[in-house]
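Only one structure is covered here, and it is reproduced in the block below.
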Amino acid sequence: MASVAGSALSFARPVKATNTNSISLTSARKGNAFLRMQPVPMRFAVCCTAKKETVDKVCDIVKKQLAVPEDIEVSGASKFSDLGADSLDTVEIVMGLEEEFKISVEESSAQSIATVEDAAALIDRLVAAKSSEKPSGKPLE
Amino acid sequence: MHHRLLLRRRGAMPLPSPPQPAPRTPGVAGGRLFASLPSPPPLQSRREVHVWYLCPDELNDHSQLDMYKELLSPSERKNALAMNGPRLQKDAMLSRALLRTTLSRYTDAKIDPRSFEFKKNKFGKPEILWQSDGSSMEWPLHFNISHTSSLIACGIAMDTLIGIDVEEKKRKTVKNILSLARRYFTPSEVDYLAKISDSDAQQKEFIKLWTLKEAYVKALGRGFSGAPFNRFSNQLETNNRIQISKAAKVCNDSDSGCDYLSENWRFALAGLNSSYYMAVCIEDNSRGSENGSVPLGLKVWKTIPFIEDTLVSGTDAVKLIT
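One line per chain: the protein sequences are A and B, in this order. Going by this note's numbering, the letters in the first sequence line up with residues 1 to 141, in that order. Going by this note's numbering, the letters in the second sequence line up with residues 1 to 322, in that order.
Structure (structure tokens):
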């Protein structure tokens with residue numbers, strides 16, 4: 001059930017890119033204690049545009065989890081903080097994404113996600129990294 | 001001004017108009033608003049927590065909602081409008097109005113709800129920003145807010161960090177309870193849940209654990225990844241005390257992620273209106289000088305700010321579980 005976020009866990013507020021080498025995150029939405037104030041190390045930075053099919057799948061999972069009404073649009077630009085996901089919604093979304101894409105999302109990576117597009121870009125990266133992972137099967141991230 | 005809305009009900013005490021800083025939005029009669037926010041009994045000690053909540057679905061009067069909107073800062077209004085859809089926008093607005101009016105109650109009506117300013121700690125947890133020019137008083141107030149789709153709660157404590165989480169008892173998860181627990185909880189908590197055969201009972205215990213962990217993380221103020229749920233256990237012990245302990249396997253190897261997971265916190269878990277679980281967590285400053293923790297004192301009010309306040313703790317509406 002969708003609810004306004006007043007919880008410890010949620011995705012980040014929109015990322016402001018200050019220069020190409022560092023990205024600092026704007027402050028957390030009220031009531032969310034999710035870590036977002038510290039500069040994000042480059043390896044977690046969201047850089048490339050996500051594939052459209054990834055964005056669409058993420059939108060579907062998010063819409064289902066949050067029971068978003070039909071007339072409310074969810075797109076790549078949608079910010080998680082504005083969709084009213086609380087912490088339980090967020091962990092369920094992350095789990096749904098992990099299952100759908102067969103990846104593992106670290107808490108610290110999830111921190112840098114502000115929009116649906118960011119989530120899709122992270123997924124694309126994790127999926128690509130997984131398909132080029134070492135024979136030992138150890139995931140790269 | 002909307003006279004008909006500023007009713008005096010049983011329990012509301014008329015207050016003299018106090019001197020106040022100039023209202024941010026000229027034209028709103030600050031003095032009259034003050035008169036309708038009666039001061040609650042003060043927070044007696046660091047062990048006491050006061051919770052004020054409102055139900056957005058019950059607040060639909062446009063002039064009332066406009067009155068609440070007037071209390072917000074421009075950036076709060078902007079943030080509320082950025083939410084996806086009218087319901088979320090209304091909830092976001094009410095959340096700020098609840099916070100501001102609640103805080104005002106604890107300043108002996110000396111601070112107008114509109115006057116509060118806020119800052120974030122380095123992890124993003126909101127705190128009151130008191131003017132440092134010495135012109136206004138300060139109160140050692142700490143707060144935390146929690147939302148469900150049907151209820152917004154604001155917890156207040158004096159001189160101690162606080163976290164609060166409210167959740168609908170019947171909230172259905174999309175994912176299976178045990179898979180959620182395995183992904184996010186500690187092994188001992190997974191075992192505890194796995195032993196519950198009735199799925200409704202299991203779901204309720206899951207929600208109880210969730211609210212407790214959430215309240216702790218919010219009190220710590222470091223964010224979810226700053227205190228991952230699977231690094232600490234909340235045990236509901238048979239004597240009804242809630243014990244928090246670091247998850248042994250995860251925290252024994254010098255995992256710096258566990259260093260600040262302190263264990264000196266007090267919890268209260270209650271059923272609210274038979275539809276919700278509410279967990280409150282405050283820092284325990286007693287330094288173990290007492291035998292076992294003295295329970296946290298909890299008072300709960302349902303409020304329609306400026307209209308009516310109802311003390312619900314001490315009635316059937318609030319059932320302490322611990």
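For glycine and all other residues, C-beta sits at the position ideal for the given N, C-alpha and C. Please read all numbers here as calculations on a predicted model, not as lab measurements.
Run through DSSP, which three-state label would residue i get?
i	result
I207 of chain B	helix
R125 of chain A	helix
T310 of chain B	strand
S146 of chain B	strand
V40 of chain A	With a pLDDT of 49 at V40 of chain A, under the threshold of 50, the predicted position of this residue should be treated as unreliable, though the coordinate-derived value follows. V40 of chain A falls in the strand class under three-state DSSP.
A67 of chain A	coil
A50 of chain A	coil
E73 of chain A	coil
D165 of chain B	strand
G84 of chain A	coil
S104 of chain A	coil
S233 of chain B	strand
I321 of chain B	coil
N21 of chain A	Its pLDDT being 36, under 50, N21 of chain A is placed unreliably in this model, and the coordinates cannot settle the point.
G221 of chain B	coil
R46 of chain B	coil
E133 of chain A	coil
C281 of chain B	strand
L37 of chain B	coil
T173 of chain B	coil
C59 of chain A	helix
I196 of chain B	coil
L178 of chain B	helix
I93 of chain A	helix
Looking at residue i: is its Cβ nearer than 8 Å to the Cβ of residue j?
i	j	result
H147 of chain B	S95 of chain B	yes
D108 of chain B	S45 of chain B	no
S84 of chain B	L83 of chain A	In the sequence on display, residue 84 of chain B carries Asn and not Ser. Yes, they are a contact pair.
M93 of chain B	Y68 of chain B	yes
L37 of chain B	P305 of chain B	yes
I93 of chain A	A85 of chain A	yes
K90 of chain B	P56 of chain B	yes
I152 of chain B	L98 of chain B	yes
L71 of chain B	R100 of chain B	yes
K74 of chain A	K63 of chain A	The identity of residue 74 of chain A in the sequence shown is Val, whereas the question assumes Lys. Their beta carbons are under 8 Å apart, which means V74 of chain A touches K63 of chain A by this criterion.
H50 of chain B	I156 of chain B	yes
Y184 of chain B	L141 of chain B	no
Going along chain A in order, which residues have a C-beta closer than 9 Å to the C-beta of residue i?
i	result
Y184 of chain B	V91, M95
K69 of chain B	Within chain A, no residue comes near K69 of chain B; the closest Cβ sits about 16 Å away, beyond 9 Å.
L180 of chain B	L88, V91, E92, M95
W210 of chain B	S87, L88
Go through its chain and collect everything with a Cβ distance to residue i's Cβ below 6 Å, but skip five positions before and after it.
i	result
K119 of chain A	The displayed chain sequence assigns Ala, not Lys, to residue 119 of chain A. If we look at A119 of chain A and ignore the five residues flanking it on each side, its Cβ neighbours are V58, I113.
A279 of chain B	D165, T211, L212, A215, L269
L129 of chain B	E117, F118, K119
L311 of chain B	W301
G297 of chain B	R47, E48
N273 of chain B	A317
P113 of chain B	L71, R100, T101, S104
The ligand FMN heavy atoms versus the CB of residue i: any closer than 7 Å?
i	result
M67 of chain B	Only the bare structure without any ligand can be found here, which leaves the ligand FMN out of the picture.
Please compile the residues from chain B whose C-beta is within a distance smaller than 7 Å of the C-beta of residue i.
i	result
D82 of chain A	A82, M83, N84
Can you find the residues in the same chain that come closer than 8 Å, C-beta to C-beta, to residue i, ignoring five residues on each side of it along the sequence?
i	result
K208 of chain B	L236, L269, Y277, A279, I321
W265 of chain B	Y216, A219, I244, C281, I282, E283, D284
L180 of chain B	T173, F206
E98 of chain A	S104, V105
S199 of chain B	I177
R77 of chain B	K69, M93
L81 of chain B	Q89
Apart from the five residues on each side of it in sequence, which residues of its chain come closer than 7 Å, Cβ to Cβ, to residue i?
i	result
F123 of chain B	G221, R222, G223, G226
Q203 of chain B	I177
E167 of chain B	T148, I207, W210, T211, Y276, Y277
K52 of chain A	none
E117 of chain A	A50, V55, G76, A77
Interface residues of chain B around residue i at Cβ under 8 Å?
i	result
K64 of chain A	V174
S78 of chain A	N84
I72 of chain A	N84, G85
Name, please, each residue of chain A whose Cβ falls closer than 8 Å to the Cβ of residue i.
i	result
P228 of chain B	E107
Give the residues of chain A in contact with residue i, contact being defined as C-beta atoms less than 7 Å apart.
i	result
H50 of chain B	Here the premise fails: no neighbours, minimum Cβ distance about 17 Å.
With 8 Å as the threshold, decide whether the Cβ of residue i is near any Cβ in chain E.
i	result
L88 of chain B	Within the model displayed, chain E is absent; protein chains A and B are what it includes.
Checklist entry - Considering only residues of the region 66–141 of chain B, which uninterrupted beta strand (DSSP E) runs meet the minimum length of 3 residues and lie entirely inside it, listed in chain order? => result Whole beta strand (DSSP E) segments, 3+ residues: 117–120, 126–129.
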